[in-house]
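Visitor:
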Amino acid sequence: MANRYRNNGIYLTLSDEELEILNKKYKASKCKSLRQFILKCILEKDIYVLDMDVFRDMSTNISRTSSNINQIAKRVNSTSFIYKDDIDDLKKLLEKQARDILFEIFLLNKLSNI
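Count along the sequence shown starting at 1, add 148, and that's the number in the numbering used here.
#1: Which residue from Thr227, Leu259, Ile186, Lys180 puts its Cα closest to that of Leu160?
#2: Can you grab the Cα-Cα spacing for the pair Ser207 / Thr227, in whole Å?
#3: Name the residue from Tyr153, Leu198, Cys179 whose alpha carbon lies nearest to the alpha carbon of Leu255.
#4: Beta carbon of Ile217, beta carbon of Asp234: below 7 angstroms?
#5: On the three-state DSSP scale, how would you describe Glu192?
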């Protein structure tokens, strides 16, 4: 790559459907330009697009659990009592979150081994 001068052009015609697919993949890639995206597709191994919605959902659930823990802590501090139901609910929430996180880690590990 010592010679950075590019003097070869490519003209490409696409159907409407192919152009739509190209644009969707380009937008999902977060590349700054279509040229950069195409070069990335050609020169690098593979492009993986992760569905970040799963991680946003996990973050939301963790935030809700934290809020529940804070509410229970406030109640315990004011009444000096903690209810078994509260503990059981928290256990269930935390176990579900742990399973979700482990599953996503498993999927990411499978992706990295491809």
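For glycine and all other residues, C-beta sits at the position ideal for the given N, C-alpha and C. For clarity, every value in this text was computed on a predicted model and none was experimentally measured.
Guide: Once the coordinates are examined:
#1: Ile186
#2: 30 angstroms
#3: Leu198
#4: no
#5: coil
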